[in-house]
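*Asks:* The following block contains the structure, expressed as structure tokens.
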Amino acid sequence: MCRVDDPETRVVHAGLPAPVDGAPFLPGPVLAAPFHLRGDPELPTREGYARFTTPTWEAFEAAVGELEGGSTVLFPSGMAALSAALLSALRPGDVLVAPSDAYPGVRAVCHDHLEPIGVECRLVPTDEAAIRAALPGATAVWVESPSNPGLDVLDLAPLAADVHAAGAVLLVDNTLAGPLRVRPLELGADVSMLSASKQLTGHSDLVLGTVTVRDPVRLAALRAWRTTVGAIPGAVEAWLAHRSLATLGVRTARQEDTARALVAALRGREDVTDVRWPQVGPVVCFTLRDAATARAFLGHCRLVAEATSFGGVHSSAERRARWGTDAVAEGWIRLSVGVEATADVVADVLAALDLAG
Ligand SMILES: *Cc1c(COP(=O)(O)O)cnc(C)c1O
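Numbered according to our numbering, the sequence shown terminates at residue 485, and the numbering increases by one at each position without gaps.
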């Protein structure tokens with residue numbers, strides 16, 4: 129028997145077909161619009177037209193589903209996944225509790241699409257007491273843990289129990305921790321969503337998102353939403369994501385080693401305050417004196433590239449307040465460590481801090 133208990137082993141093999149002589153480990157992308165389909169198919173047919181499903185999506189969906197512990201539906205971005213999870217489920221009169229301090233896209237969906245159709249949105253900080261206080265009458269609760277960019281962590285299992293006791297469902301944006309570190313469905317959540325554009329695939333070369341569920345009714349609603357709205361992922365992106373998934377374990381291990389070393393180095397400095405790292409994943413946040421110091425720091429980095437997003441193999445950082453979307457200090461830096469040698473990343477950050485003054 130081969131051992132596949134450890135998620136770090138599973139991630140290497142997830143979603144791959146059984147070995148066949150002469151066949152590749154990961155079959156290439158299937159590029160098709162219609163497939164051959166004779167006779168009178170029963171609608172909705174699964175394989176007949178590539179807006180419904182493709183073998184390439186299904187292989188990647190099987191892989192993510194295996195890691196997250198449910199059935200996965202692939203979307204063309206994290207935002208498409210998030211929107212599908214909310215818009216396919218909520219109806220006029222429903223009440224959504226959502227974070228006021230997490231990824232700004234969820235707030236945009238609330239303001240622009242849910243409130244206009246009569247869904248009440250209660251925006252609360254990523255804080256268990258605040259979420260519990262907002263539960264009476266709620267239909268659904270959306271949380272992000274660790275939150276982005278604050279990196280606040282929620283204890284999901286007791287929260288899921290309280291959300292269910294209040295008659296609501298729990299939806300979790302699991303992008304920051306990812307399925308090797310946290311599996312929300314195992315902790316009682318009803319929905320786990322990932323932006324696959326980040327750590328999951330990790331090469332800064334594609335945009336995709338996933339929603340994973342256990343309930344077959346919810347699964348059917350998500351697939352129907354994708355087919356009807358018609359915003360679908362490309363086969364090449366799905367294939368590339370699957371190829372990149374295999375290295376998630378080794379990438380994460382290196383990134384967490386570097387994050388740990390960087391946090392230790394930053395905590396020793398007087399010019400750096402509010403150092404945050406949730407013990408998992410590549411994102412480290414810290415605050416410099418003001419916007420000018422933060423800009424100078426980013427300008428002096430040689431290895432750490434200035435870019436938004438996180439979870440890529442290349443170290444990157446940004447001054448988060450430049451977007452104006454998050455309530456963060458002007459000098460707040462969100463830094464994502466890559467897979468470069470730990471000592472080089474730490475040295476680059478420390479040298480840039482010294483030069484920034
Ligand atoms: C990036 C991100 C999203 C949106 O994902 P896209 O793939 O960019 O559409 C959602 N949630 C979190 C936590 C993210 O970091």
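Beta carbons: idealized from backbone N, C-alpha and C, even for Gly.
Check whether the Cβ atoms of Val-319 and Ala-151 lie closer than 7 Å to each other.
*Replies:* Translated into positions along the sequence shown, residue 319 becomes position 191. Translated into positions along the sequence shown, residue 151 becomes position 23. Result no, Cβ atoms of Val-319 and Ala-151 do not sit closer than 7 Å.
*Asks:* At what residues does the beta strand (DSSP E) containing Val-269 begin and finish?
*Replies:* Counting from 1 along the sequence shown, the entry for residue 269 is found at position 141. Here the beta strand (DSSP E) through Val-269 covers 268 to 272.
*Asks:* From what residue to what residue does the alpha helix (DSSP H) around Asp-472 run?
*Replies:* As a position in the sequence shown, residue 472 is number 344, starting the count at 1. First-last of the alpha helix (DSSP H) with Asp-472: 470 to 484.
*Asks:* Which ranges does the alpha helix (DSSP H) cover as unbroken runs of at least 4 residues, wholly within the region 157 to 189, from first to last along the chain?
*Replies:* With a minimum length of 4 residues, no continuous alpha helix (DSSP H) run stays inside the region 157 to 189.
*Asks:* Could you check which residue in Arg-219, Asp-283, Ser-332, Ser-464 has the C-alpha nearest to that of Arg-388?
*Replies:* Along the sequence shown, one-based indexing puts residue 388 at 260. Comparing Cα positions, the closest option is Ser-464.
*Asks:* Runs of 4 residues minimum, wholly inside the region 193 to 244: which ones carry the alpha helix (DSSP H) assignment?
*Replies:* Runs of the alpha helix (DSSP H) inside the region 193 to 244: 206 to 215, 232 to 237.
*Asks:* Indicate whether the contact test is met: 3 or more Cβ pairs, each with one atom in the region 189 to 209 and one in the region 300 to 313, closer than 8 Å.
*Replies:* Flag = yes, the region 189 to 209 and the region 300 to 313 touch.
*Asks:* Who are Glu-384's beta bridge partners in DSSP?
*Replies:* Within the sequence shown, numbered from 1, the residue matching residue 384 stands at position 256. Answer by DSSP bridge pairing: none, since Glu-384 is not bridged.
*Asks:* Is the distance from the Cβ of Ala-209 to the Cβ of Val-339 below 7 Å?
*Replies:* Indexing the sequence shown from 1 puts residue 209 at position 81. Indexing the sequence shown from 1 puts residue 339 at position 211. Cβ atoms of Ala-209 and Val-339: closer than 7 Å.
*Asks:* Looking only at its chain, what residues have a beta carbon closer than 8 Å to the beta carbon of Asp-283, apart from the 5 residues adjacent to it on each side?
*Replies:* If you number the sequence shown from 1, residue 283 lands on position 155. These residues qualify, in order along the chain: Glu-256.
*Asks:* Following the continuous alpha helix (DSSP H) through Val-76, name the residue where it begins and the one where it ends.
*Replies:* This structure cannot speak to residue 76, because the chain is shown only from 129 to 485.
*Asks:* Mapping DSSP to helix, strand and coil, what is Ala-389?
*Replies:* The residue given as residue 389 occupies position 261 in the sequence shown. Here Ala-389 sits in helix by DSSP.
*Asks:* Using 7 Å as the threshold, is the C-beta distance between Val-201 and Leu-224 below it?
*Replies:* The count along the sequence shown starts at 1 and reaches residue 201 at position 73. The count along the sequence shown starts at 1 and reaches residue 224 at position 96. No, these two residues do not count as a Cβ contact at 7 Å.
*Asks:* So the beta strand (DSSP E) Ala-445 belongs to, where does it begin and stop?
*Replies:* Within the sequence shown, residue 445 is the residue found at index 317, counting from 1. From DSSP, the beta strand (DSSP E) with Ala-445 extends over 444 to 447.
*Asks:* Where do the ends of the alpha helix (DSSP H) carrying Ser-372 lie?
*Replies:* Along the sequence shown, read from residue 1 onward, the residue named residue 372 stands at position 244. Taken as a continuous stretch (DSSP letters only), the alpha helix (DSSP H) holding Ser-372 covers 363 to 373.
*Asks:* Secondary structure at Val-486, three-state DSSP: helix, strand or coil?
*Replies:* Any question about residue 486 goes unanswered here, given that the chain covers just 129 to 485.
*Asks:* So is the beta-carbon of Val-474 under 6 Å away from any non-hydrogen atom of ligand 1?
*Replies:* Here residue 474 refers to the residue found at position 346 of the sequence shown. Val-474: no, Cβ never under 6 Å from ligand 1.
*Asks:* Give me the Cα-Cα distance between Leu-304 and Gly-439, rounded to the nearest whole angstrom.
*Replies:* For the purposes of this step, residue 304 is taken as the residue at position 176 of the sequence shown. For the purposes of this step, residue 439 is taken as the residue at position 311 of the sequence shown. Distance between the alpha carbons of Leu-304 and Gly-439 is about 8 Å.
*Asks:* Could you say which of Val-237, Pro-232, Ala-363 lies nearest to Val-158 if we only look at CA atoms?
*Replies:* Along the sequence shown, read from residue 1 onward, the residue named residue 158 stands at position 30. Of the candidates Val-237, Pro-232, Ala-363, the one whose C-alpha sits nearest the C-alpha of Val-158 is Ala-363.
*Asks:* Residues in the same chain with beta-carbon distance under 6 Å from Ala-262, minus the five sequence neighbours each way, listed in chain order, please.
*Replies:* On the sequence shown, residue 262 is found 134 positions in, with the first residue counted as 1. Around Ala-262: Val-225, Arg-250, Val-252.
*Asks:* Between which two residues does the alpha helix (DSSP H) holding Trp-353 run?
*Replies:* Counting from one through the sequence shown, the residue named residue 353 turns up at place 225. 344 to 357 is the span of the alpha helix (DSSP H), which, as asked, contains Trp-353.
*Asks:* Under a three-way DSSP split, which group does Thr-421 fall into?
*Replies:* In the sequence shown, counting from the first residue as 1, residue 421 sits at position 293. Residue state, collapsed to three classes: helix.
*Asks:* Is the separation between the beta-carbon of Ala-288 and that of Ala-317 shorter than 7 Å?
*Replies:* Residue mapping note: residue 288 aligns to position 160 of the sequence shown, counting from 1. Residue mapping note: residue 317 aligns to position 189 of the sequence shown, counting from 1. Yes, they are a contact pair.
*Asks:* Does the beta-carbon of Asn-276, which I'm using as the reference point, lie nearer than 6 Å to any heavy atom of ligand 3?
*Replies:* Absence of ligand 3 from the depicted structure is noted, with ligand 1 being the only ligands included.
*Asks:* Determine the DSSP secondary structure at Ala-433, reduced to helix, strand or coil.
*Replies:* Working through the sequence shown from its first residue, we reach residue 433 at position 305. Residue state, collapsed to three classes: strand.
*Asks:* I think Ala-457 touches Ser-444, with their Cβ atoms under 8 Å apart; what is that distance to the nearest whole Å?
*Replies:* By 1-based counting over the sequence shown, the position of residue 457 is 329. By 1-based counting over the sequence shown, the position of residue 444 is 316. That belief does not hold up - the Cβ atoms of Ala-457 and Ser-444 are roughly 19 Å apart, past 8 Å.
*Asks:* In or out: His-239 buried (at least 16 other Cβ within 10 Å) or exposed?
*Replies:* Position 111 of the sequence shown, counted from the first residue, corresponds to residue 239. Under this definition His-239 is an exposed residue.
*Asks:* Around the C-beta of Ala-142, are 16 or more other C-beta atoms found within 10 angstroms, so that it is buried, or is it exposed?
*Replies:* Along the sequence shown, read from residue 1 onward, the residue named residue 142 stands at position 14. Flag for Ala-142 reads buried.
*Asks:* How many Å lie between Met-129 and Asp-149 at the Cα?
*Replies:* Your numbering for residue 129 matches position 1 in the sequence shown. Your numbering for residue 149 matches position 21 in the sequence shown. For Met-129, the predicted model reports a pLDDT of 45, less than 50, meaning its position is unreliable; a value from the coordinates is still stated below. Cα to Cα, the separation comes out at about 20 Å.
*Asks:* With 16 other CB atoms within 10 Å as the buried threshold, where does Gln-327 fall?
*Replies:* As a working mapping, residue 327 is identified with position 199 in the sequence shown. Under this definition Gln-327 is a buried residue.
*Asks:* Just to check my reading of the structure: Leu-160 and His-370 have Cβ atoms closer than 8 Å, yes? What is that Cβ distance to the nearest angstrom?
*Replies:* The residue labelled residue 160 in the question sits at position 32 within the sequence shown. The residue labelled residue 370 in the question sits at position 242 within the sequence shown. First, the residue type needs correcting, since residue 160 is Ala and not Leu in the sequence shown. Not quite, the Cβ-Cβ distance comes to about 17 Å (not below 8 Å), so this is no contact.
*Asks:* Would you give the residue range spanned by the beta strand (DSSP E) that Asp-399 belongs to?
*Replies:* Position 271 of the sequence shown holds residue 399. Where Asp-399 is concerned, there is no enclosing beta strand (DSSP E), given that its DSSP letter is neither H nor E.
*Asks:* Is the Cβ-Cβ distance between Tyr-231 and Asn-276 less than 7 Å?
*Replies:* The count along the sequence shown starts at 1 and reaches residue 231 at position 103. The count along the sequence shown starts at 1 and reaches residue 276 at position 148. Against a cut-off of 7 Å, the Cβ pair of Asn-276 and Tyr-231 comes out as a contact.
*Asks:* Taking the continuous beta strand (DSSP E) assigned at Val-252, which residues delimit it?
*Replies:* As a position in the sequence shown, residue 252 is number 124, starting the count at 1. From DSSP, the beta strand (DSSP E) with Val-252 extends over 248 to 252.
*Asks:* Please list the terminal residues of the continuous beta strand (DSSP E) segment that includes Val-412.
*Replies:* Position 284 of the sequence shown, counted from the first residue, corresponds to residue 412. Run containing Val-412: 411 to 415, per the beta strand (DSSP E) assignment.
*Asks:* Would you say Gly-206 touches ligand 1, meaning its beta carbon is less than 6 Å from a heavy atom?
*Replies:* Working through the sequence shown from its first residue, we reach residue 206 at position 78. Yes - ligand 1 has a heavy atom lying nearer than 6 Å to the Cβ of Gly-206.
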